[in-house]
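Residues in the sequence shown are numbered consecutively from 4, following our numbering.
Let me begin by presenting the structure, written as structure tokens, before commenting on it.
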Amino acid sequence: MYLGRVRAKGFKSLLDMDVPLRQGVTVVVGENNAGKSNFIDALRLLTDPLDGRRSRWWETDDVHPWAEGSAELTAVYGGLEPAEAGTHLQALVGAAEEPGLPDGHRARYTVQFARPAADARPQRPVWSAGRLLDDPEPEARRTIRHVYLPPMRNAQQELASSSGNRLRLILAAELGGEEAIKAFETEQAQHFRGLERHDKIKAARKRINDPLALLTAGAHPQQMGLSFADPTLVSIARALRTRMSDEGLDVEDIARSGLGYANLLYIATVLAELEAARGADLTLFLVEEPEAHLHPQLQNLLLDHLKTQALHSQQSRPEADGTPLGRIQVVITTHSPVLAAATTVEDLVVLKRRRTPAPQPATPAAGPAEASTPASADTAAGADAQEKPETPAAAFAFTTAAVPVAALPFTKHEPAKLDRYLDITKSAMLFGTRVILVEGLAEALLIPAFAELVLDTLPDETARKRAKAVFRGSCIVAVDGVDFKPYMRALLADVGGVRIADRVVLITDQDPRKKTEPDNDEQTEAAGEGPTGDLVAAAAAPATDDGNGDSEDDPQPEVGFNRASYLRRHLLQWQVPESAFHIAESKPTLEPELMRAENRSLLGEVFFDLRPRSDHHWEPVEKAATDEARAVAFGSLFTSTTVKLPKGDYAYRLAERLTLNPDGFVVPEHLATAIRWIAGVDGQSA
4 MYLGRVRAKG
14 FKSLLDMDVP
24 LRQGVTVVVG
34 ENNAGKSNFI
44 DALRLLTDPL
54 DGRRSRWWET
64 DDVHPWAEGS
74 AELTAVYGGL
84 EPAEAGTHLQ
94 ALVGAAEEPG
104 LPDGHRARYT
114 VQFARPAADA
124 RPQRPVWSAG
134 RLLDDPEPEA
144 RRTIRHVYLP
154 PMRNAQQELA
164 SSSGNRLRLI
174 LAAELGGEEA
184 IKAFETEQAQ
194 HFRGLERHDK
204 IKAARKRIND
214 PLALLTAGAH
224 PQQMGLSFAD
234 PTLVSIARAL
244 RTRMSDEGLD
254 VEDIARSGLG
264 YANLLYIATV
274 LAELEAARGA
284 DLTLFLVEEP
294 EAHLHPQLQN
304 LLLDHLKTQA
314 LHSQQSRPEA
324 DGTPLGRIQV
334 VITTHSPVLA
344 AATTVEDLVV
354 LKRRRTPAPQ
364 PATPAAGPAE
374 ASTPASADTA
384 AGADAQEKPE
394 TPAAAFAFTT
404 AAVPVAALPF
414 TKHEPAKLDR
424 YLDITKSAML
434 FGTRVILVEG
444 LAEALLIPAF
454 AELVLDTLPD
464 ETARKRAKAV
474 FRGSCIVAVD
484 GVDFKPYMRA
494 LLADVGGVRI
504 ADRVVLITDQ
514 DPRKKTEPDN
524 DEQTEAAGEG
534 PTGDLVAAAA
544 APATDDGNGD
554 SEDDPQPEVG
564 FNRASYLRRH
574 LLQWQVPESA
584 FHIAESKPTL
594 EPELMRAENR
604 SLLGEVFFDL
614 RPRSDHHWEP
624 VEKAATDEAR
634 AVAFGSLFTS
644 TTVKLPKGDY
654 AYRLAERLTL
664 NPDGFVVPEH
674 LATAIRWIAG
684 VDGQSA
């Protein structure tokens, strides 16, 4: 049994959202204010806390202003075994009602919370199970619990607290049943009784009894005794203190440990509690920002351990018939590219902020269909300005949309490719809305330096600062090759009309002499078995005007395969709007594009920085009869076996020189256009 799907309507920023979850670990990523904490709050309201101490209650502000008076949350559970189906009998639904889950029984629970009228007390949330209008067996629903770890938790304070509730649960599980617990308490009581007979305690008792006897001798003589309270498992757990140190050293107070290891110890106690407390059929382990205070290696180890624990719980069997199965499912929210890179891409769910136009208010003349049609942002803004000129922002709101990566229309091998490709640097593309994809390190080093030059030409200072900020907020990803398609599909293919990225620039080389053969995935697609049609043959045609600066009038070398055309046709086949992508093509490659009269001197200086005694290699560049020949000669410096100028080193030196003294350097126009496009220059919203 696991939580397979969560639906939210009218709940905070989750205005209308449907999110599938993975059976073991789901990693929820996204930029700030994307709604990750709101999503975790929804899970906390759909389930009871494992320790019974609820800290999240329904609030009036939970209902979105656009909701029709109430918020609704639905949890759909899949993979129920026969015993679990019997427990949740009233909540069972058919596969046709809740498709997309693995074979087995399905259960559904829904909760609604109505926004109270002004000055009225909030009403209780209303639950329903399955197809019913109510929940006749709430105890069955309460066999599904959660444990919540908040962000930026003070692990040292939590571990040092005297509540002892988590240790009590772990001790109780270790001891077994009630009889074993009673025997343990009796054994500890005997230790305390022996301590009461200590000479010093006897002496203290005598010190008090001597004056007490004198004070009460004239009436009813009294005596006192000193004894320990009868120990219980609760009091014993409260008396215990968590301590830690490096292995091989004496353990010390937890306050002496670093915050990172204190957080790991805290998580370890929670995992021990989950493993010990099998009083629930399913426990959701909800962790916000587990990367707090952890260096990358510890983040990887933590995620791997959480996966292992969840998998182990799914495979284990109960010790006795009729006892809860004790399944564990983990949901993590994170800003960490390390965690995003450490998990398989199919375990990722990307949450996005989406600018949503306000619903158009109904008017007496409007029919039902017209009244329910959302207005565009401009129309709504205009109507709002007439009624309330002081609040034009009411025409839209930022809501949360979800892109489950597993739901993207990948070909057979693309998820595995992305698992290998997405390292810590590349996985950062999942956290923003603007991405620049380049072939390699040289482009990744040069594009930021080029952007400074291009955007510095903007005449308006405010526009210049904004454009630079927008560009710096874009993620540059070097794919280390030319296999752009998995990245493009992940970023721009949609799930329910939502894409991970809003804008993607792809910078690639024409490479006219390279004839690329389709891989197995592409051959499958060409045969009509994949998510796209026959695009391979079409890609072999020379590129024509694609709306990104290329023109049929440009001289086109004979090519066997045009990558820009190939990728563009794929994007259009995936129904990606042209406003969402821009392809910049270097002809034939980046380095020859850099060579022009204005740049010749600076490019030569950088060359001699790397090859100070190579005048004879630079001579063909100087003696070239035409600009085209000079560009070809310069490009050959990076491909010739006799020179083999390293592209990465050259790009680094050139970027450094451009930062210190650009000396009139001219950025190739196709790159300048791409930079202006991603930065939202010329009135384009970025």
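Every residue gets a Cβ at the ideal spot worked out from N, C-alpha and C, and that includes glycine.
It should be emphasised that the depicted structure is a prediction, and the values quoted were computed from it without experimental measurement.
*chain C beta carbons: is any one of them nearer than 8 angstroms to that of Ala-405?*
Going by chain labels, chain C is absent from the structure shown, which holds only one protein chain.
*Can you give me the Cβ contacts of Glu-291 inside the same chain, cut-off strictly under 7 angstroms, excluding the 5 residues immediately before and after it?*
Same-chain partners within the cutoff: Ser-40, Ile-43, Leu-152, Pro-153, Pro-154, Thr-336.
*Start and end of the alpha helix (DSSP H) containing Gln-363?*
For Gln-363, no alpha helix (DSSP H) run applies, since DSSP gives it neither H nor E.
_I need the straight-line Cα distance from Ile-239 to Val-254, nearest angstrom please._
If I take the Cα positions, the gap works out to 20 angstroms.
*Kindly give me the distance between the Cβ atoms of Val-9 and Ala-78, rounded to whole angstroms, as I take these residues to be in contact under 8 angstroms.*
Sure, about 6 angstroms apart at Cβ, within 8 angstroms.
*asked:* I'd like to check one pair, Gly-7 with Leu-162: are the Cβ atoms closer than 8 angstroms?
replied: Not a contact, by the Cβ cut-off of 8 angstroms.
*Beta-carbon separation of Ile-681 and Val-457 under 8 angstroms?*
Result no, Cβ atoms of Ile-681 and Val-457 do not sit closer than 8 angstroms.
_Given this structure, state the Cα-to-Cα distance separating Ala-404 from Met-491, to the nearest angstrom._
The C-alpha of Ala-404 lies about 19 angstroms from the C-alpha of Met-491.
*Assess, as a yes-or-no matter, whether the stretch 444-455 is touched by the stretch 469-485 under the definition of 3 or more beta carbon pairs within less than 8 angstroms.*
Counting Cβ pairs under 8 angstroms, three or more are found: they touch.
*When the Cα of Glu-349 is compared with those of Pro-362, Pro-412, Asn-303, which residue comes out closest?*
Relative to the Cα of Glu-349, the nearest Cα in the group Pro-362, Pro-412, Asn-303 belongs to Pro-412.
*asked:* If you follow the beta strand (DSSP E) that Trp-130 is in, where does it begin and where does it stop?
replied: From DSSP, the beta strand (DSSP E) with Trp-130 extends over 129-132.
_I need the DSSP call for Arg-196, collapsed to helix, strand or coil._
Arg-196 falls in the helix class under three-state DSSP.
*asked:* In the DSSP assignment, the beta strand (DSSP E) including Phe-116 goes from what residue to what residue?
replied: Under the DSSP assignment, Phe-116 falls in the beta strand (DSSP E) whose first and last residues are 108-117.
*Taking Arg-633 as part of the alpha helix (DSSP H), name the residues at either end of that continuous run.*
Residues 630-639.
_His-298 in three-state terms, based on DSSP_ = For His-298, the secondary structure class from DSSP, reduced to helix, strand or coil, is coil.
*According to the neighbour-count rule (16 or more other Cβ atoms, all chains shown, within 10 Å of its Cβ), is Thr-50 buried or exposed?*
Under this definition Thr-50 is a buried residue.
*Where does Pro-293 fall in DSSP's three states?*
Three-state DSSP puts Pro-293 in coil, outside helix and strand.
*Can you check whether the CB of Leu-574 is closer than 8 angstroms to the CB of Phe-584?*
Phe-584 places its beta carbon less than 8 angstroms from that of Leu-574.
_Contained alpha helix (DSSP H) runs [length at least 4] in the stretch 397-440, N- to C-terminal order_ = Taking only runs of at least 4 residues, the alpha helix (DSSP H) segments lying wholly in the stretch 397-440 are 417-424.
*Please classify Ser-73: does DSSP put it in a helix, a strand, or coil?*
DSSP places Ser-73 in strand when its eight states are reduced to three.
*Whole-number beta carbon distance between Leu-83 and Met-20, since they are thought to touch under 8 angstroms*: Between Leu-83 and Met-20 the Cβ distance is about 24 angstroms, and since that is not below 8 angstroms, they are no contact.
*Runs of alpha helix (DSSP H) wholly within the stretch 22-63 (minimum 4 residues, chain order)*: 39-49, all fully within the stretch 22-63.
_One question on the structure: do His-15 and Asp-54 come within less than 8 angstroms of each other, judged by their Cβ atoms?_
According to the sequence provided, residue 15 is Lys. The question's His does not apply to it. It is not a contact, given that the beta carbons lie outside the stated cut-off.
*Jot down the residue ranges of each uninterrupted alpha helix (DSSP H) in the stretch 641-679, minimum 4 residues, whole runs only, in chain order.*
Here the runs fully enclosed are 650-663.
*Alpha carbon to alpha carbon, how far is Thr-382 from Thr-465?*
Per-residue confidence for Thr-382 stands at a pLDDT of 42, beneath the threshold of 50, marking its modelled position as unreliable; the derived number appears in the next sentence. Each residue's alpha carbon lies about 28 angstroms from the other.
*Could you check if Pro-591 is buried or exposed, using at least 16 other CB atoms within 10 Å of its CB as the buried criterion?*
That one is buried.
*Cα separation between Gly-385 and Gln-363?*
Since pLDDT at Gly-385 reaches only 43, below the 50 mark, its modelled position is unreliable, and the value read off the structure follows with that caveat. The straight-line gap from Cα to Cα measures roughly 11 angstroms.
*With distances taken between CB atoms, is the gap from Arg-437 to Asn-36 smaller than 8 angstroms?*
No, the pair does not count as a contact, with Cβ atoms beyond the cut-off.
*asked:* Helix, strand or coil for Ser-589? Go by DSSP, reduced to three states.
replied: Looking at Ser-589 - three-state DSSP - the assignment turns out to be strand.
*Cα-Cα separation, Leu-449 to Thr-662*: Answer to the nearest angstrom: the Cα atoms are 10 angstroms apart.
*Rank Arg-57, Arg-244, Trp-61 by C-alpha distance to the C-alpha of His-149 and give the top, closest one.*
Nearest of Arg-57, Arg-244, Trp-61 to His-149, Cα basis: Arg-57.
_Please list the terminal residues of the continuous alpha helix (DSSP H) segment that includes Gly-13._
Premise fails: Gly-13 lies in the beta strand (DSSP E), 5-14, not in any alpha helix (DSSP H).
*Closest to Ser-319 by CA distance: which of Asp-256, Ile-331, Gly-500 is it?*
Ranking the options by Cα distance to Ser-319, first place goes to Ile-331.
*Using the C-alpha atoms, what's the distance from Leu-17 back to Asp-721?*
Since the first residue shown for the chain is 4 and the last is 689, residue 721 is missing from the structure and cannot be characterised.
*May I ask which residues mark the beginning and end of the alpha helix (DSSP H) holding Leu-229?*
Counting along the chain, Leu-229 falls outside any alpha helix (DSSP H), and DSSP gives it neither H nor E.
*Which value, in whole angstroms, describes the spacing of the CA atoms of Asn-3 and Gln-126?*
Only positions 4 to 689 of the chain appear in the structure, and residue 3 is not among them; the question remains open.
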